[in-house]
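As structure tokens, the structure follows; a few thoughts come after it.
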Ligand SMILES: C[S@@+](CC[C@H](N)C(=O)[O-])C[C@H]1O[C@@H](n2cnc3c(N)ncnc32)[C@H](O)[C@@H]1O
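Numbering (this note's numbering), first residue to last: 25 to 289.
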């Protein structure tokens, strides 16, 4: 009976035989193994269906559940939001980003994807005077040398300067503008030294995966990572974060497209 049990994907016959013997020794009835694999396959299938439907798989949380007390915060929102275009964060995400910045009170922040600097400014406005904020975007001159294909409508296609919204603001001195392709950028000097990371660069699966990998390397032992654009319009972001959630406790914030990782949860 045990040899008729369906094999989990990727297992060789030898591995399966060893596994079956191990189960027999431990007195686990073979029917239980059958059931386990059946449930596993059904789950995989429903995950695939959900991916195709574009529905979010990540657990939804209200901000206050993840950051207790944050619902009582007063958050500063940049006035530039009133005339920002579609490439910048919408109001709900901007407010939540500000609230998390306030809650974490980071010594150092790293943002991937500055664009006009609206999110950069929101973080700067809601953190201490001595917070260091690094923000990375493409160098317009080298826009054709990215590792992964470029999306339409990024900073490279625009007429305004990177980070223009924070230029000349009182918060500018906290901000260090960095230039480069995040998929090729040398993040080594920031290893283990960043408290808060915001990922909002190229939305292709491979690029989000690379950015996420680098973010986890940069994160201090107690830190927070936030991703924007977890929604059906960006399947690469959804796929990457759904996969990541199998090993890390990621949650999406209700009423937004933000996903958050808290290392101390
Ligand atoms: C959605 S916009 C960021 C919006 C910004 N966070 C805000 O809310 O104001 C994405 C930005 O990522 C930048 N970007 C795209 N691919 C990148 C890459 N490979 N490396 C660095 N930046 C990249 C684009 O040039 C663009 O300015």
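We put the beta carbon where it would ideally sit given N, CA and C, even for glycine.
Buried or exposed by the 16-neighbour rule on C-beta atoms within 10 Å, applied to residue i
i	result
residue 48	exposed
residue 198	buried
residue 130	buried
residue 31	Note on residue 31: pLDDT 46, under 50, position unreliable in the model; the coordinate value appears next. Its Cβ having fewer than 16 others within 10 Å, residue 31 is exposed.
residue 51	exposed
residue 3	This structure leaves residue 3 out entirely; the chain is present only between 25 and 289.
residue 149	buried
residue 108	buried
residue 158	buried
residue 184	exposed
residue 237	exposed
residue 271	exposed
residue 59	exposed
residue 24	The structure shown does not extend to residue 24, since the chain spans only 25 to 289, so no value can be given for it.
Own chain, CB closer than 7 Å to residue i, minus 5 neighbours either side, in chain order
i	result
residue 90	275, 284, 286
residue 246	287, 288
residue 260	227, 228, 229, 232
residue 193	145
residue 100	122, 149, 150
residue 102	142, 145, 146, 149, 189
Endpoints, the beta strand (DSSP E) within which residue i is located
i	result
residue 219	218-223
residue 285	283-286
CA nearest to the CA of residue i, picked from the options
i	options	result
residue 3	104, 121, 101	Nothing can be reported for residue 3, as the shown portion of the chain is limited to 25 through 289.
residue 256	58, 228, 243	228
residue 86	127, 95, 80	95
residue 98	280, 112, 146	146
residue 106	223, 225, 189	189
residue 233	162, 267, 111, 204	267
residue 182	114, 171, 164	164
residue 141	80, 56, 110	110
residue 186	207, 194, 160	160
residue 200	112, 138, 272	138
residue 173	207, 155, 195	207
residue 224	59, 273, 216, 282	282
residue 216	196, 241, 209, 135	241
residue 153	132, 112, 162, 214	132
residue 128	79, 244, 114, 59	244
residue 175	264, 258, 269, 273	258
residue 222	156, 239, 209	239
residue 196	156, 211, 210	156
residue 213	61, 264, 263, 134	134
For residue i, the residue or residues it bridges with in DSSP
i	result
residue 246	DSSP lists no partner for residue 246.
residue 161	203
residue 85	277
residue 135	159, 222
Close beta carbons around residue i, own chain, < 8 Å, minus the five adjacent residues each side
i	result
residue 280	116, 117, 120
residue 124	87, 91, 94, 220, 248, 250, 284
residue 34	Any reading at residue 34 is ruled out, since the residue's pLDDT is 49, under 50, leaving its predicted position unreliable.
residue 169	205
residue 278	84, 85, 86, 87
residue 28	Annotation note: pLDDT 42 at residue 28 (below 50); position unreliable, no value reported.
residue 253	224, 227, 261, 281
First through last residue of the alpha helix (DSSP H) which encompasses residue i
i	result
residue 147	142-149
residue 261	259-268
residue 120	115-128
Proximal residues to residue i (C-beta, below 6 Å), its chain only, five neighbours per side dropped
i	result
residue 203	163
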